[in-house]
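Here's the structure, in structure tokens; my notes come after.
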Amino acid sequence: MRFLCFQAILPYSQALEKLAPHIQQVSMESNGKGVSIDGVPLPYQAGEIDFGEPGTNGQHSFYQLIHQGRVIPCDFIGIVKSQQPVYLKGEVVSNHDELMSNFFAQPDALAYGKTPEQLQNENVPSHLIPHKTFSGNRPSVSLLLPSLNAYNIGQLLAIYEHRVAVEGFLWGINSFDQWGVELGKSLASQVRKQLHASRRNGEPIQGFNFSTTSMLSKYLEASADVPSDPSIHLPKV
């Protein structure tokens, strides 16, 4: 169970760039619930916020937060055999070894950090020591796949799907419905009808709260030159 309510999914492979969004959907749509499987309001919050990027992208966007900000459990996913290894003249390692150097280094930095004493021994200026100190003791899991093939990817997906189902069981919720997405879709249908009626027949905005009514009014006013029936104005393909 993840009690910190966050999880970062960090594959060190560009081929897995869609993994984090997929797991985000599996986890957050399955376990983002407020009542038990029996319909009783939960006395605690269920579900977690899942996000991630391929490692080198994440290192230059949100790793600062992971290392020195909020404590966020991380899943590091590495691949032993590269799909496209590149060896450049003058480089001491391949492009894949360069990538994997970061894969091995990041969990180590999260776990052990860097103390003020270590920084002092490196002659870091005293005014920078608080800013360059890393607390360590930050949780992560490292998964090392032999290669990217259908079998190994299936195993990886099964790990996350199993975890989501077990979490749902422990929370006492139904992980296999998604009623939370229905209200927004229903309201969107009402807005769609209103936009059509207002553009086509000039009907006033009705049936929405003050905020939505105000925004719809501004939207319609600013887009008054948009054709109400594009098929009349656009050539047929």
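Counting in the UniProt record's numbering, the sequence shown runs from 1 upward without gaps.
From the three backbone atoms N, C-alpha and C, an ideal C-beta is built for every residue, glycine too.
- Residue 37 is positioned such that its CB atom lies closer than 8 angstroms to that of residue 173.
- Counted as a single uninterrupted DSSP element, the beta strand (DSSP E) harbouring residue 140 occupies residues 140 to 145.
- In the same chain as residue 100, and ignoring 5 residues on each side of it, the C-beta atoms closer than 7 angstroms to its own belong to 12, 78, in chain order.
- For residue 168, the enclosing alpha helix (DSSP H) stretches over residues 150 to 171.
- By the Cβ criterion, the region 170 to 186 is not in contact with the region 107 to 123, since fewer than three pairs of Cβ atoms, one from each stretch, lie closer than 8 angstroms.
- Between residue 170 and residue 35, the alpha-carbon positions lie close to 13 angstroms from each other.
- Judged by DSSP secondary structure, residue 43 falls outside any alpha helix (DSSP H); it is assigned neither H nor E.
- Only residues of its own chain outside the window of five on either side were considered, and among them 10 have a CB closer than 6 angstroms to the CB of residue 58, listed in chain order.
- For residue 69, DSSP records no beta bridge to any residue.
- Comparing alpha carbon positions, the residue from 41, 216, 19 closest to residue 75 is 19.
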